[in-house]
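Chemist: Residue numbers (the working numbering): 1373 to 1515.
Backbone N, C-alpha and C fix where the C-beta goes; we use that ideal spot for every residue, glycine too.
One structure coming up, written as structure tokens, with questions to follow.
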């Protein structure tokens, strides 16, 4: 085998690894986006919850299979924030919202970093594709 063919096989292997890395980063991006969306939904809930003036509210609780039970829940003005190892902090609505907003900010920063990594990987993939095409043409020209 010529060194050109060796280089071609090396580039093809590298391209496959980059393709796998791209898929992994896509997965990370999806997880981060879901986490951001979940926390933003919780922030929206807290905003609406804070405006409730009554001492209790009627609500439906899902029990599975499309079934719900109607109940009356007392309005609590404190929330439990899970911080790990079965430890919870009791926070006010405002403190809980601030906590969630900080989490969203941190997650968005991580998402931005993963998007940059994805762009870099895609650019590298394209560079290798061009190089593979050029080497393949050189090999075909020799035959």
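Please decide whether residue 1501 counts as near chain B, where near means a Cβ-Cβ distance under 8 Å.
Modeler: Of the chains in the structure shown, none is chain B; there is only one protein chain.
Chemist: Assuming the contact rule is C-beta atoms closer than 8 Å, residue 1472 and residue 1414 should be a hit. Round their C-beta distance to whole Å, please.
Modeler: That pair is a contact at about 5 Å.
Chemist: Which residue comes first and which comes last in the alpha helix (DSSP H) that contains residue 1428?
Modeler: Unbroken run through residue 1428 is the beta strand (DSSP E), 1428-1436; no alpha helix (DSSP H).
Chemist: With DSSP collapsed to three states, give me the class of residue 1496.
Modeler: Helix at residue 1496.
Chemist: The ligand GTP and residue 1514: does any heavy atom of the ligand fall closer than 7 Å to the residue's C-beta?
Modeler: The ligand GTP is not part of this structure, which contains no ligands at all.
Chemist: Measure the alpha-carbon distance for residue 1331 versus residue 1483 and round it to whole angstroms.
Modeler: Residue 1331 is absent from the structure shown; the chain starts at 1373 and stops at 1515.
Chemist: Hey, how far is the Cα of residue 1418 from the Cα of residue 1451?
Modeler: Approximately 10 Å between the Cα atoms of the pair.
Chemist: Mind checking which residues open and close the beta strand (DSSP E) that includes residue 1459?
Modeler: Unbroken beta strand (DSSP E) run through residue 1459: 1459-1464.
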